[in-house]
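Residue numbers (UniProt numbering): 1 to 112.
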């Protein structure tokens, strides 16, 4: 029991003395880490400004159905005008197959 207490005390003293020598380095590290996390937070808030107006496949289908009558045959994620988006394959009431693109960033719906 006494040996365990002595080891704990000795370890505590060694760590305390190391911290006093490296205090300035630790302070610089903590300052650097805080600055980095602030920078990352700033980047994520900038990316938050570019939120998507169409956030799901189901939302894209809903927008397409509002503008174009017919049956949805297929809907999949796709690149639209260089942005994330959706491509929806439709069947008109006259039996014509056509495609509609939905830009997820702007929310624009356009028949191809």
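All residues carry an ideal CB built from backbone N, CA and C; glycine is no exception. Only a predicted model underlies this, so the values are computations on that prediction, with no experimental measurement involved.
- Exclusion of the five residues before and after residue 80 leaves 101 and 103 as the residues of its chain whose Cβ lies within less than 6 Å of its Cβ.
- The beta carbon of residue 60 is closer than 6 Å to those of 54, 86 and 102 in its chain, skipping five residues each way along the sequence.
- By a beta-carbon distance limit of 8 Å, residue 64 contacts residue 88. Their separation comes to about 5 Å.
- Beta-bridge pairing by DSSP links residue 88 to 75 and 100.
- Annotation for residue 109: the continuous beta strand (DSSP E) segment containing it runs 109-111.
- For residue 51 and residue 105, the gap between their C-alpha atoms comes out near 7 Å.
- A direct Cα-to-Cα measurement between residue 92 and residue 72 gives close to 9 Å.
- Exclusion of the five residues before and after residue 110 leaves 101 as the residues of its chain whose Cβ lies within less than 6 Å of its Cβ.
- Across the structure, residue 84 and residue 56 are spaced so that their CA atoms are roughly 11 Å apart.
- Rounded to the nearest whole angstrom, the CA to CA distance from residue 108 to residue 67 is 11 Å.
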